[in-house]
Each structure stands twice: as C-alpha cells, then as structure tokens.
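Engineer:
In this note's numbering, the protein residues as written are 8 to 142.
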C-alpha cells in the first residue's frame with residue numbers, strides 16, 4: 008500500500024490504527040493547533056484568477072513577492088496556493104511580449120543587428136529569461 012500511494016509504511020500504519028480505533032471518524036483530520044486559516048475560498052479564487060488573467064505592470068509574469076504585495080497575502084501563502092493549484096507563472100506555456108515601455112525600440116535595434124549586421128562584427132544572442140527551464 009505504501010509504495011502504491013508513495014507514502015511511508017509508518018504513515019500507512021498510523022491511518023490503519025486510526026481506522027481500527029475509530030472507524031470512518033478516525034479518517035477525518037484531527038483538530039490542529041494554531042490560528043485558523045485567514046485566507047478564504049474567495050481570496051484564493053481571486054489570486055488564481057489574477058495569476059491567470061493579468062500580468063504585473065513591470066514584468067512578464069507574477070512572482071510570489073509581487074503577487075503578495077498585490078493581494079496582501081504573505082509570500083509563503085501565495086507559494087502554497089500556486090503549488091496546490093498547479094500554477095507556475097514563471098514557466099509559461101505561451102510566448103509573452105515584454106511589458107517594457109521601450110520594448111518596440113529595443114526590438115528594432117536587435118532585429119536590425121540580425122538583418123544588417125555591422126561589417127567585421129560578430130552578433131551573439133543571449134536569452135536572459137527563457138520560457139522553458141533548461142535543467
């Protein structure tokens with residue numbers, strides 16, 4: 008069982024003993040110490056919608072810090088919600104244009120170098136923010 012669901016044997020034994028002692032009620036999470044969750048479902052929905060439908064004004068995608076500032080949540084809360092939702096804004100599946108106001112001017116300069124390179128010059132391109140993870 009542990010191998011099939013990728014958990015330790017100790018965890019399987021714990022749940023088996025809870026079930027044996029309390030039947031189905033034993034499978035319900037026990038109350039935990041600490042403060043109750045302060046982020047409700049509506050706040051999570053807003054965060055996910057914002058992540059998918061908007062980009063920050065000064066970047067191509069959201070980071071945990073910028074999203075935390077925008078939503079008022081902690082950076083770790085944003086990270087946990089993204090992880091639970093399967094969101095990875097830094098690994099976008101589509102091409103995104105830069106949000107840089109000087110993007111068009113810079114684009115012309117770069118394309119110009121490719122189309123009409125200077126005499127006796129080597130033109131190299133280095134991508135600082137690839138859309139795919141190299142490793």
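Beta carbons are placed, not taken as given, at the ideal position from N, Cα and C, and that holds for glycine. In this text the structure is predicted, and so the values were computed from the model without any measurement.
Are the segment 51-58 and the segment 67-80 touching by the rule of at least three beta carbon pairs closer than 8 Å?
Structural biologist: In short, these stretches touch, since the Cβ pair count reaches three.
Engineer: Which residue marks the beginning of the alpha helix (DSSP H) containing residue 11, and which one marks its end?
Structural biologist: Run containing residue 11: 9-12, per the alpha helix (DSSP H) assignment.
Engineer: Taking only three categories from DSSP, how would you classify residue 141?
Structural biologist: Note that residue 141 has pLDDT 49, beneath the 50 cutoff, so the model's placement of it is unreliable and no number is given.
Engineer: Between residue 16 and the rest of its own chain, which residues show a CB-CB distance below 8 Å, the 5 nearest in sequence each way excluded?
Structural biologist: 9
Engineer: I'd like the span of the alpha helix (DSSP H) that includes residue 48, first residue to last.
Structural biologist: 48-60
Engineer: Does the segment 89-99 touch the segment 112-121, meaning 3 or more C-beta pairs lie closer than 8 Å?
Structural biologist: Judged by Cβ distances under 8 Å, the segment 112-121 makes no contact with the segment 89-99, as fewer than three pairs qualify.
Engineer: Measuring CB to CB, does residue 106 end up less than 7 Å from residue 66?
Structural biologist: yes
Engineer: Buried or exposed for residue 20, please, with buried defined as at least 16 other CB atoms from any protein chain shown within 10 angstroms of its CB.
Structural biologist: Counting the other CB atoms within 10 Å of its CB gives residue 20 a total below 16, which places it among the exposed residues.
Engineer: Excluding the five sequence neighbours on either side, which residues of its own chain have a C-beta within less than 7 Å of the C-beta of residue 25, listed in chain order?
Structural biologist: The answer, listed in chain order, is 33 and 34.
Engineer: Using the rule of at least 16 other Cβ atoms within 10 Å of the residue's Cβ for burial, across every protein chain shown, is residue 58 buried or exposed?
Structural biologist: buried
Engineer: Helix, strand or coil, according to DSSP, for residue 89 in the structure here?
Structural biologist: helix
Engineer: Give every residue of the same chain whose Cβ lies closer than 7 Å to the Cβ of residue 130, excluding the five residues on either side of it in the sequence, and list them in chain order.
Structural biologist: 120, 121 and 124
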